Amino acid sequence: MHKQQLKAHGIYVHVPFCKQKCLYCDFPSQACCDIGLMKQYAEQVCREIKERGETAMEQATIYFGGGTPSLLPLSAVQKIVVALKDYGLWQSPAEATIECNPGTVDGEKLQCYRELGFDRISFGVQSFFDAELQAIGRIHNVDEALATIQMAKDVGFRRINGDLMYGLPLQTMDSLQQSINQLVALDLEHISVYGLILEKGTPIAKLVEQGRTQVADEDLQGQMYDLVMQYLPQKGYGRYEISNFAKSGGCSKHNLVYWSYLPYLGFGCAATGFDGYRRRTGESNLQKYLQDPLQCSYENLTEDNLYSEFMFMNLRKTEGVELKRFAERYGTDIVSRTLAVMQPFIDKGLAEYDEKTTNIRLTEWGMAVSNVIFRELV
Numbered sequence: 000m001h002k003q004q005l006k007a008h009g010i011y012v013h014v015p016f017c018k019q020k021c022l023y024c025d026f027p028s029q030a031c032c033d034i035g036l037m038k039q040y041a042e043q044v045c046r047e048i049k050e051r052g053e054t055a056m057e058q059a060t061i062y063f064g065g066g067t068p069s070l071l072p073l074s075a076v077q078k079i080v081v082a083l084k085d086y087g088l089w090q091s092p093a094e095a096t097i098e099c100n101p102g103t104v105d106g107e108k109l110q111c112y113r114e115l116g117f118d119r120i121s122f123g124v125q126s127f128f129d130a131e132l133q134a135i136g137r138i139h140n141v142d143e144a145l146a147t148i149q150m151a152k153d154v155g156f157r158r159i160n161g162d163l164m165y166g167l168p169l170q171t172m173d174s175l176q177q178s179i180n181q182l183v184a185l186d187l188e189h190i191s192v193y194g195l196i197l198e199k200g201t202p203i204a205k206l207v208e209q210g211r212t213q214v215a216d217e218d219l220q221g222q223m224y225d226l227v228m229q230y231l232p233q234k235g236y237g238r239y240e241i242s243n244f245a246k247s248g249g250c251s252k253h254n255l256v257y258w259s260y261l262p263y264l265g266f267g268c269a270a271t272g273f274d275g276y277r278r279r280t281g282e283s284n285l286q287k288y289l290q291d292p293l294q295c296s297y298e299n300l301t302e303d304n305l306y307s308e309f310m311f312m313n314l315r316k317t318e319g320v321e322l323k324r325f326a327e328r329y330g331t332d333i334v335s336r337t338l339a340v341m342q343p344f345i346d347k348g349l350a351e352y353d354e355k356t357t358n359i360r361l362t363e364w365g366m367a368v369s370n371v372i373f374r375e376l377v
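At position 179 of the sequence shown the residue is numbered 178 (numbering that gives the first Met the number 0), and the sequence of numbers has no breaks.
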């Protein structure tokens, strides 16, 4: 396998703080409202950016995720942005996104994000019913979500994403339909829709085990999935990835870096980066990270690892992937290997293959059972 060195196409900054952990969350984050600690964290992220001396493409995308990046004081966000710019990582980004939780920003904060250079914002809306939001531990209510989205529009954000979830406690087909209607009525550029997953060890998984709350069963979740997948395209939102829909030209360029299996940098506690051949993961313990932000672990990926990840990341996209791209990047032809695994799925109409272009993609039906297909590729 030849090594084709590629510059980072994306830059991710992780903010591990939340006002309150959602009941379903297993991300590396913690409830914290200590402004001093957040400022200290920002300083250490800046130190990491400086001392690692990484390089990236001029148009590398920027993404501040978490946690809740909008919980950081503005001075902390500004400090990190300035460090990225000073060390050549924030040049002319194809896109610069910051995740926000409704109720954690005001007009002034949103205006400052625009002035710093963020041109895209993502809101974790999840539902337009207060009872459903409370059932999953969200800190905002419906009125705050609507007001925050309007404020973002007022300060000039045109590229706005709204997250929606289905399969929630108390949620019905009717309430899900109303939530989707409301999100579509807001005329956002992008909508991400996720089914609730009961991750082991999360509070909501424990509540379900104890019989103290109930989530949608498999049949209802399937009906909810079908509703979302059919309804959003009718309203002008094209599905371009398993869980993501956008108006024309509104795809998340940063997330496409991940799904196209391209190199990216990660800064911050527990942040992950990928250079095309190995994965770097930052220290996940916040206190240890604050002591030494350069602590990390590396995972050298085997050819089998690279193949599996290349395939299941790219097959998340509705356009699929041209298999010859793997040969161009890694020097190994994977056409026969892939067809040996995928032919049964092609025969069943779950996938399609174009021999001329070597493009393989999952059909809409295949997307619905993608986890079964991905298991065969690992």
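All C-beta atoms, glycine included, are put in the ideal place defined by N, C-alpha and C. Since the model is a prediction, treat every value here as computed from it, not as a measurement.
Alpha carbon to alpha carbon, how far is residue j from residue i? Give it in angstroms, no decimals.
i	j	result
F122	G102	10 Å
I138	L71	16 Å
P262	C17	28 Å
N100	P343	43 Å
Q276	Y352	Per the sequence shown, residue 276 should be read as Tyr rather than Gln. Answer to the nearest angstrom: the Cα atoms are 27 Å apart.
D162	E98	10 Å
A95	R238	22 Å
Q170	F373	29 Å
M150	G106	6 Å
A93	Q58	5 Å
N180	V227	10 Å
A350	L338	11 Å
G87	K38	22 Å
N299	L264	16 Å
R360	G348	11 Å
C24	S91	Note that C24 scores a pLDDT of 45, beneath 50, so its modelled location is shaky and nothing firm can be said.
D346	V340	11 Å
Could you tell me which residues DSSP puts in a beta bridge with residue i?
i	result
E351	R360
K316	E240
A55	A7
T60	G9
G194	Y165
I179	DSSP output for I179 lists no bridge partner at all.
Sort the options by Cα distance to residue i and report the nearest one.
i	options	result
G330	L145, L285, E302	E302
S242	Q149, W258, R279	W258
A55	S74, I179, Q4	Q4
S283	R158, A7, V14, G52	V14
R119	I333, G35, H253	H253
H63	L115, Y86, R51	In the sequence on display, residue 63 carries Phe and not His. When each option's Cα is compared against that of F63, the closest is L115.
I333	L322, E53, S178, I148	L322
K152	G136, S178, D186	D186
Using a threshold of 8 Å, state whether the C-beta atoms of residue i and residue j are closer than that.
i	j	result
Y165	V192	yes
E240	R315	yes
S126	V104	no
A41	A7	no
T60	V256	yes
Q222	M172	yes
K246	E188	yes
E47	F266	yes
I190	Y236	yes
Is there a Cβ of chain D sitting closer than 8 Å to that of residue i, yes or no?
i	result
T301	No chain D appears in the structure shown, which is made up of a single protein chain.
Inter-stretch contact (C-beta, 8 Å, three-pair minimum) for the stretch 133-149 and the stretch 79-88: no
At least three beta-carbon pairs within less than 8 Å, the stretch 289-309 to the stretch 354-368: no
Meets three-Cβ-pair contact criterion under 8 Å: the stretch 101-121 and the stretch 264-271: no
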